[in-house]
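A short write-up of the structure that comes next.
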Amino acid sequence: MSTYADLEISAQGGRPVELYTFELPAGTWRLTSSPVDVAFDGITYTAIPISRGTATQNGLGKVRELVITIPVNHAIASALRVNGIPPRYALVTVARIHIGATGSAQKWRGYIDSASTSGPLCRVNVLNQVD
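Structure below.
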C-alpha cells in the first residue's frame, strides 16, 4: 500500500479526494468530494457535490478565509441559516487523502464566519483557526 506522501508527488498514481468535517451545535457531518462515499480511519464520509476555493487573505486583519460550496438543500445549509447567522463555534476541518493510501494531510481548520445562498448553492466562509 502506498503512502499519502508517495501518491501526492506521483504524476499519475494519485487519486486525491477531500474530506470535510463540519462540527456544529446541531450535529457533526462528514462529507467528501469523491463521487462515492469514502471510509477513512473508521469513519464514513458521505459523497455530495461539495467544493472549495483557494484560500484568500483579508487585508484588514490578515485573516485567511476559505469558501466552501455545498447544495442549499443540505442539512448543514439549513443549520447555518437559523436566525440568519451561523452558530458560534461551528468548526470545519478539510483533509486531503488519496484513495487506497495510508495517511492524510490537513488542508484547513477554522470557524464558520458566514454563510450565504445563491440559487441551488450555499457558500460557507471559513476563517483560518491557526496559520
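With my numbering applied, the sequence shown covers 1 to 131. Just so it is clear, CB atoms sit at the ideal spot from N, CA and C, and this is done for glycine as well. Here the structure is a predicted model, which is why all the values come from computation and not from measurement.
Asked: Boundaries (first-last residue) of the beta strand (DSSP E) holding S114; Found: 105–118
Asked: Nearest to R81 (by Cα), restricted to the options I48, A95, R123; Found: R123
Asked: Residue environment, G110, which counts as buried when at least 16 other CB atoms sit within 10 Å; Found: buried
Asked: Start and end residues, alpha helix (DSSP H) containing I76; Found: 75–80
Asked: Rounded distance between the beta-carbons of L31 and I48, thought under 8 Å; Found: 5 Å
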